[in-house]
Each structure stands twice: as structure tokens, then as C-alpha cells.
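Protein chains: 2
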Amino acid sequence: MKKQVLLVTAHPEPTSLTRRLVELSAKTLEQQGYEVLQSDLYGMHWKAVFDERDFPYRADPERLSFVTESGHSYSTGTQPDDIASEQQKLLAADAVIFQFPLWWFGMPAILKGWVDRVFAYGLAYGFKGAGNRYRYGDGGFKGKRALLSVTVGGPAEDYSTRGINGPLEQLLFPITHGTLFFTGMNVLPTYAVYGTGSLTAEGVAAAEAAWRSRLERLFEDTPIPFRSQSSGDYPDRHVLGGHVAIGQSGLTAHVADTPDGYSTAVSGETVMMGS
Amino acid sequence: MKKQVLLVTAHPEPTSLTRRLVELSAKTLEQQGYEVLQSDLYGMHWKAVFDERDFPYRADPERLSFVTESGHSYSTGTQPDDIASEQQKLLAADAVIFQFPLWWFGMPAILKGWVDRVFAYGLAYGFKGAGNRYRYGDGGFKGKRALLSVTVGGPAEDYSTRGINGPLEQLLFPITHGTLFFTGMNVLPTYAVYGTGSLTAEGVAAAEAAWRSRLERLFEDTPIPFRSQSSGDYPDRHVLGGHVAIGQSGLTAHVADTPDGYSTAVSGETVMMGS
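These protein sequence lines map, in sequence, to chains U and L.
Numbers given in my numbering equal positions in the first sequence, counted from 1, plus 1054.
Numbers given in my numbering equal positions in the second sequence, counted from 1, plus 1054.
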């Protein structure tokens, strides 16, 4: 059976760089023999706001708890069709690629709302109703690959190791680690194009060539070596053991086997286009 | 004239801890003699998705560039009323408090969409049309205070210095530094209540008491000492100078005058309630 790749994308302008790269994804992946699934969030008029309308059959009609109602609607099969449909695509996919412009150092609201609504209790967190037993390397999306492809207005140097914005991979940690690896996915180093406001035709061509080569290695590239909860690195499942990442703290301590943590783990792989 | 404080809040359930803390904010701030402005995003049915409907009079009807159209609609006064109204509240406010549940280590989509739509080019970025000249300590919201108040389902230890999620203040860096300090605001250490799924009545009372005391010190507490772009710490406006934060890299390097950076800068101030 063909491997399936889901593209979750968030830009409404057909001629934008983001959308050009999405088209390239579909074409390249199909040429490689994969089946491509698409979630074009703007095109679908995706409902971004997670609210009471997402729970037509409430566990508690009096008081809205998102965790309770998310778990109840997921386990009873009473979720809205748009949510259930995205979950089915996710479960079918061998890899998920997110393509979006970086807005205020994160996802556009329409994409954040896709995560908020689709990543249900019992599936993406609280897997099997077992609290935090399955997370960070294990869970409902275990073994799938994930990859972020971001278009960035500012220059690459602003996102470098000592750049004024902070390193891109650290800014994206809540997504790569806290959202995707949390559910069990193997997350690849981020692909980024910088300076999108002033890209020349040559710059676009170079970005496309670099993206094509990332796509061709989608199932070969080495994921970011985030530490899994069950690895023994977190003996109590909450805090790094004293024998691990000695002398380290913060986000970078959660990446294994690199001399100085997260930045190094990914800096060699992050493609920096633009200026 | 009375000082004004804007509350931007994102929870639809009136009995939720988030909303209880919002009520406490309004009451406490009014008792102190401040004028309270509110943006209850769920109550307002805030439009979360930034799209072409936000630009009824386009600079370029053919191709949608968000930066171009944001700047054009802001400078020509053709923004939708809901966006202009929020900008007026922000400009009137001496302090802005964001109160929200932490969803996937970030803002709920409705709040991210408030930032995406309200933080216009020419005001929040590209201030005075001068590119990146005014940012990180200078800009359209210079001198206002900002404070995040977050309710967190998980236990505090998961967000500790070596906790499995990463330290809360580092996870929130794209908001505190990249969004609020970027526009010139002085950002206070985050207030957080943890373990909200299992809080006892005593826990709620303790959280409220701690929040009340933070509110009472809103204009006295020391902001996070983020390095400003114009301080000389970034001689080329992009990368830390070699004389600054020697041997440091990553997010923590952008906090001044603390022995080991960002975690230490805020760990003493972040209120950790719950378990």
C-alpha cells in the first residue's frame, strides 16, 4: 500500500511562496509514489475557534470543560465532522507536513485552531485515558513523521544562535516538541525560508530546490533527537534525571546526544534561504 | 487622569478558573482606582482568522500580501472596526493583561488571532514605516506594561528548570519577547496557576490571593530585563555583540544582568500554584 503524506497548510494567496512550496510538495511526493492528502485550511474555511459548538452532546451541559468535553465527544463519536475528518487523515498519514508563514513567531491562528480542535483528549493527549502515561515519543500518533516548513519575513541572522529573535528551532519548540513529539511523532528539523519579503527569482528557485531535496529525504532524514519520556531520561516522568544532561537546563536539555543541545542538533539541518 | 488597564481574555466558561481570575482583575484594579477596559474574546465572538475580508480596500487587489495590506489599511484608516477598536484600547492602556488557558504550550487560537489581526504593520511592527528600526524595547506600544496570566492543566514540575515540557517562561518567549517586548512593552514575569484540573477550593483561594498581590504590584514590579535593540547589545541590530552574554546562546541570552539567563531571571517571580 502506498505511503500517505498529509499536507496541512495555511495561506490563502495562491501565488504566495507558501502556496508555491505546497504545490511543489504535492507534485514531488506524488512523483515519488506517495499518496498526498491535503488540508488547505483557508480553502476549507476551517473553523479556528474551539468553543461550545464543538460539543453538541455534552458530558456536562452546565459547565464547559474543554478537556472533559473533548474526551467525551472523541470517545462517544459525537465530534463535529470537520474534526473527525482531520483526525482520520492524521491517523492514515505516515507523515504530516505543516506549511505556513511564521506570524509573531508562531502559527497563524487558523492553524493553531486546527491543533486546538483536532488534537483531542484520548487521542493526542490523555491517550487511552491514561493521563500522561503516553506522551513525548509515545501516543496516538506514534511513529508518524512530522515536518514544519515555514516562510519567514525577517533575515536569517535574526534567527541565528545569537540572533535578536532567538534561534528558530527554540521559538518553534512548543510546536515541534510540545505538540508533535508530545503525541509520539518523529519530528524532522525545520525547513525555513527567510527574507521572503525581498526574495529574488533566483532566491525562490533556490528555496524550491532545497525544499524538493528535503521532500525526497522525508522518510530518510534523522529526526530531532528529543528525549522520550519512556527512555529512562525522566525517571519520574516529569523531570530529567540527575544522570542526564548534566549541567544543562531549559529547552535544549530535552535533546539527546549533542555537544551543546538543541541549537547544535538542528542548526546543520535547518535550511537558511534568503537574507 | 486615571490609569487604564486592558484585560484581553480567552475563555468562554463563566465558572472557569480563568474567568474567575478575570473577575478578580477587574474588581481589584477598580478598587485601586484604575479604569478597566475589557476584551472578552469569546464573548465578543472575535474573528480569529486573518484573511482578505480584513482588507476591504486593497493596495493590490490582485495578490494578497498580509504585510502590504496590513500597512495599507492601517495607514489609510480602512481597517475593519473590530481591529481599529482594539488598537484604540491598546493605545489608551497603560498596561495590558492577557488571561488565558495554556493550550498546546501557547495561546488559544482566538487569542493568537487577536494578535495576528490587531498588531498591524506601521503600529506593532514596521513602526513609522521604518522597517526594523523600532523594535524590542521601542515601537508603537513603548512604555506600556504587559503581563500574562495563564492557567495550566499540568503540574508545575513539568515546567520547572529541567521539567519535561521545558520551563514555562521559555515556552512563552515567542509571546513575551517576540510579540510584546517587540512592540516596546515592558513585560512582567508570567503569573501561572498549575494543576488546574485538580485544584481544591484552598488551591483556588491561594491562586486568587497570589494573583491579587500581583495585580496590586502591576505598576511596581520589575519587568523581565530583556535586552533592548537600541541598548548597544546588538551593534548591528541583528545579533548580540561579542562583548555581551559571553558564551551564551539561545533564548536566555536575550535577558540581561542575571547569572545564568532567562530561567533565573523569572523563576523567583513566577507563581507556581497547584501541583
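Yeah, the Cβ is synthetic: ideal placement off N, Cα and C, and Gly gets one too.
Every value quoted in this text rests on a predicted model; they were computed, and no experiment measured them.
Answer with yes or no whether the minimum CB distance from residue i to chain U is below 7 Å.
{"i": "Y1288 (chain L)", "result": "yes"}
{"i": "I1218 (chain L)", "result": "yes"}
{"i": "S1303 (chain L)", "result": "yes"}
{"i": "P1221 (chain L)", "result": "yes"}
{"i": "L1118 (chain L)", "result": "yes"}
{"i": "T1069 (chain L)", "result": "yes"}
{"i": "H1126 (chain L)", "result": "no"}
{"i": "T1215 (chain L)", "result": "yes"}
{"i": "L1294 (chain L)", "result": "yes"}
{"i": "P1066 (chain L)", "result": "yes"}
{"i": "D1105 (chain L)", "result": "yes"}
Just reading off the beta strand (DSSP E) that residue i is part of, what are its end residues?
{"i": "F1152 (chain L)", "result": "A1149 to P1155"}
{"i": "T1063 (chain U)", "result": "Q1058 to T1063"}
{"i": "D1094 (chain U)", "result": "E1089 to D1094"}
{"i": "A1246 (chain U)", "result": "Y1245 to V1247"}
Heavy atom of the ligand COA less than 6 Å from the Cβ of residue i, yes or no?
{"i": "V1103 (chain U)", "result": "This structure simply doesn't include the ligand COA, nor any ligand for that matter."}
At what residues does the alpha helix (DSSP H) containing residue i begin and finish?
{"i": "T1205 (chain L)", "result": "Element bounds for T1205 (chain L): not the alpha helix (DSSP H) but the beta strand (DSSP E), R1199 to T1205."}
{"i": "V1076 (chain L)", "result": "L1071 to Q1085"}
{"i": "V1121 (chain U)", "result": "F1120 to S1129"}
{"i": "E1140 (chain L)", "result": "D1135 to A1146"}
{"i": "Q1224 (chain U)", "result": "L1222 to L1225"}
Against chain L, does residue i count as a neighbour if the rule is that its beta carbon must be under 7 Å from one of theirs?
{"i": "E1077 (chain U)", "result": "no"}
{"i": "L1202 (chain U)", "result": "no"}
{"i": "Q1224 (chain U)", "result": "yes"}
{"i": "A1102 (chain U)", "result": "yes"}
{"i": "H1297 (chain U)", "result": "no"}
{"i": "G1328 (chain U)", "result": "Residue placement at G1328 (chain U) is poorly supported in this model, since its pLDDT is 42, which falls under 50; the coordinates still yield a value, given next. Not closer than 7 Å to any Cβ of chain L, the Cβ of G1328 (chain U) fails to qualify, so no."}
{"i": "P1279 (chain U)", "result": "no"}
{"i": "E1211 (chain U)", "result": "yes"}
Run through the DSSP bridge pairs and tell me what residue i is partnered with.
{"i": "E1274 (chain U)", "result": "None; E1274 (chain U) has no bridge partner."}
{"i": "G1160 (chain L)", "result": "L:W1157"}
{"i": "N1240 (chain U)", "result": "U:R1199"}
{"i": "G1217 (chain U)", "result": "L:V1293"}
{"i": "Y1175 (chain U)", "result": "U:Y1179"}
{"i": "F1280 (chain U)", "result": "U:V1309"}
Between residue i and residue j, which are expected to be in contact by the criterion C-beta below 8 Å, what is the C-beta distance as a whole number of angstroms?
{"i": "D1287 (chain U)", "j": "G1295 (chain U)", "result": "6 Å"}
{"i": "L1201 (chain U)", "j": "I1151 (chain U)", "result": "5 Å"}
{"i": "A1174 (chain L)", "j": "Q1142 (chain L)", "result": "So it is not a contact: roughly 12 Å between Cβ atoms."}
{"i": "L1156 (chain U)", "j": "V1204 (chain U)", "result": "5 Å"}
{"i": "L1272 (chain L)", "j": "R1199 (chain L)", "result": "7 Å"}
{"i": "Q1153 (chain U)", "j": "T1072 (chain U)", "result": "6 Å"}
{"i": "G1237 (chain L)", "j": "F1195 (chain L)", "result": "The question names Gly, but residue 1237 (chain L) is Thr in the sequence shown. Indeed, because the Cβ distance is near 4 Å, the residues count as touching under 8 Å."}
{"i": "G1176 (chain L)", "j": "G1131 (chain L)", "result": "Their Cβ separation, rounded to whole angstroms, is 11 Å, which puts G1176 (chain L) and G1131 (chain L) out of contact at 8 Å."}
For a cutoff of 7 Å on Cβ pairs, would you count residue i as touching chain B?
{"i": "P1115 (chain L)", "result": "Here chain B cannot be found, since the structure's protein chains are U and L."}
query: Which of the residues in the stretch 1135-1169 of chain L, read from start to end, lie with their CB under 9 Å from any CB of chain U?
result: Legend: CB atoms of the stretch 1135-1169 of chain L lying less than 9 Å from CB atoms of chain U belong to residues P1155, W1157, W1158, F1159, G1160, M1161, P1162, A1163, I1164, L1165, K1166, G1167, W1168 and V1169.
field: Interfacial residues, the stretch 1226-1249 of chain L to chain U, with Cβ spacing under 9 Å
entry: If the cut-off is 9 Å between Cβ atoms, the stretch 1226-1249 of chain L has L1226, F1227, P1228, I1229, H1231, G1232, T1233 and F1236 near chain U.
query: Name the residues in the stretch 1245-1275 of chain L whose C-beta lies less than 9 Å from a C-beta of chain U; which are they?
result: Taking 9 Å as the Cβ-Cβ cut-off, the stretch 1245-1275 of chain L approaches chain U at G1251, given in chain order.
task: Closer than 7 Å, Cβ to Cβ, to anything on chain L: give me those residues from the stretch 1177-1194 of chain U, in chain order.
output: Those residues of the stretch 1177-1194 of chain U that come within reach of chain L (Cβ to Cβ, closer than 7 Å) are Y1190.
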